[in-house]
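J.: Input: one structure, supplied below.
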Amino acid sequence: MDNQEMILGLCKELKSIREARGIKQVKVARAIGMDPPLLSRIENMNKPTVTLMELSRILEYYNMTLYDFIEANKD
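What the sequence shown shows, in our numbering, is residues -9 to 65, in sequence order.
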């Protein structure tokens, strides 16, 4: 698995976390200053590249570090 495949898999997991917490996508996007369509593309893996800054902003909303998130989802 290359880095981009790993990042895309993590993006899919972001959607699962949000849905498990019962939070609307638009609420997360607005809270982190991101356009809702961009967050949608990230969660649905429709964005060719996802930056670490984008991932970090989303994870910060969920009170998670990038390290903790990767460790929890490395399988």
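For glycine and all other residues, C-beta sits at the position ideal for the given N, C-alpha and C.
Between which two residues does the alpha helix (DSSP H) containing glycine -1 stretch?
T.: Start and end: -7 to 10.
J.: Check the C-beta distance from valine 18 over to isoleucine 48 and give it rounded, since I have them as a contact under 8 Å.
T.: Going by Cβ atoms, the distance from valine 18 to isoleucine 48 rounds to 7 Å, so yes, they are a contact pair.
J.: Is there at least one Cβ from chain C nearer than 8 Å to leucine 45's Cβ?
T.: Absence of chain C from the displayed structure is noted, only one protein chain being present.
J.: Between the Cα of arginine 31 and the Cα atoms of Leu(-2), Asn(-7), Ala10, Ser46, which residue gives the shortest distance?
T.: With distances taken between Cα atoms, arginine 31 lies closest to Leu(-2).
J.: Provide the residue span of the alpha helix (DSSP H) that contains valine 18, from first to last.
T.: Where valine 18 is concerned, the enclosing alpha helix (DSSP H) stretches over 15 to 22.
J.: Between proline 27 and asparagine 53, what straight-line distance do the alpha-carbon atoms span, to the nearest angstrom?
T.: Each residue's alpha carbon lies about 22 Å from the other.
J.: Only counting runs of 4 or more residues, tell me where the alpha helix (DSSP H) segments fall wholly within the region 28 to 58, in order along the chain.
T.: If we require 4 residues or more, the alpha helix (DSSP H) runs fully inside the region 28 to 58 come out as 42 to 51.
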